[in-house]
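Under the working numbering, the first residue of the sequence shown is numbered 66, with each subsequent residue one higher. Note that CB positions come from ideal geometry on N, CA and C, so glycine has one too. Computed from a predicted structure; not experimentally measured. Here's the structure we're looking at; comments come further down.
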Amino acid sequence: MKAALVSDVHSNLEALLAVEKSFGDLGVEKVCFVGDAVGYGPDPDACTEWIRQNAGMSVMGNHDFSAAGLADVGSFNPNARAAILWTMRHMKEVSVEYLRALPMRQIQDGMTLVHANPMDPGGWNYIFSLWDAEMNFPFFEGPFCFVGHSHQPAAVGMDPKGAVSVQPLTTFPIQEGFRYLVNVGSVGQPRDGNPASCFGFLDTDRGQFSFIRLPYDYRKTQKKMEEAGLPRPLIERLAEGR
Ligand code: ZN
């Protein structure tokens, strides 16, 4: 199986289409969406529709949850909140209905998807440290759990004896008997200092996982955001990947 793990698209259509362009060469057979289709960016309907059409597995993100009217937006910072309120005013009902029906967790083909963490997907707590990651291993079954949420790619492996180790942010081999908890990074708003889109690529045929970075035309996204009147710091951060 060759699966693309796509997370935190955040209404950034240019980034999503750049990522999609690479799928043919990679031989992607299955697209897995790890949450946050909307929020921050200017194209909530187009991104939601793309996910609806292309994702074989998909889960709810915290921005999807709020934009679909399932939670109060009070827990977000002012810029994120402004973008969610903008999204709620502009998104079509068909998109809202799709987001509202997303599950918090999905399990298929040895892969568990959750947006924030497998221990408590709806609590939206971040996995930032190796300790956070280790605590979450008992809360998924099978070899792989994929998360998003922090917009920072990271991978932790657990050997058959239960020892955890950080994996490289490039390509690493899937080892026999190991389990992996991977943050696949963000397609539409990377925050690790690199403005290029990030997604995960699991190739069980070759026995490896890769983080893939693809530059995209963020200036086009920025221009649309300006026209939409979205908050300036959200526009500027796309150029810096922070
Ligand atoms: Zn996000």
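Please name the residue, chosen from the options, that lies closest to residue i on a Cα-to-Cα basis.
i	options	result
F264	P296, S76, V96	V96
K288	D108, S87, M223	D108
S160	A132, F141, R146	A132
I149	Y105, E291, D185	Y105
M66	G272, Y283, I300	G272
W157	V249, E114, A145, Q118	Before going further, note that residue 157 is Lys rather than Trp in the sequence given. The option with the nearest alpha carbon to K157 is E114.
R256	E79, S215, A293	S215
G227	Q118, M184, E199, T236	E199
Quick test of your reading: residue i and residue j, contact by CB under 8 angstroms. State the CB separation rounded to the nearest angstrom.
i	j	result
G175	F209	6 angstroms
L178	V99	5 angstroms
S76	S251	Not quite, the Cβ-Cβ distance comes to about 12 angstroms (not below 8 angstroms), so this is no contact.
State buried or exposed for residue i, treating a residue as buried only when at least 16 other CB atoms are found within 10 Å of its CB.
i	result
T152	buried
N201	buried
L195	exposed
G207	exposed
R244	buried
P280	exposed
P186	buried
Under the three-state reduction of DSSP, which class applies to residue i: helix, strand or coil?
i	result
P255	coil
F209	strand
R244	strand
A228	coil
P238	strand
L70	strand
Original post:
Residue ranges of each alpha helix (DSSP H) run of no fewer than 4 residues wholly in the stretch 158-195, ordered along the chain?
Top reply: The alpha helix (DSSP H) runs lying completely inside the stretch 158-195 and spanning 4 residues or more are 158-165, given in chain order.
Subject >> Start-end ranges of the beta strand (DSSP E) lying completely within the stretch 265-289, minimum 3 residues >> reply: Qualifying beta strand (DSSP E) stretches, in chain order: 273-279.
**OP:** Mind listing, in chain order, the continuous alpha helix (DSSP H) runs of no fewer than 4 residues lying wholly within the stretch 73-149?
**Re:** The stretch 73-149 contains these whole alpha helix (DSSP H) runs: 78-86, 88-91, 109-119, 127-132.
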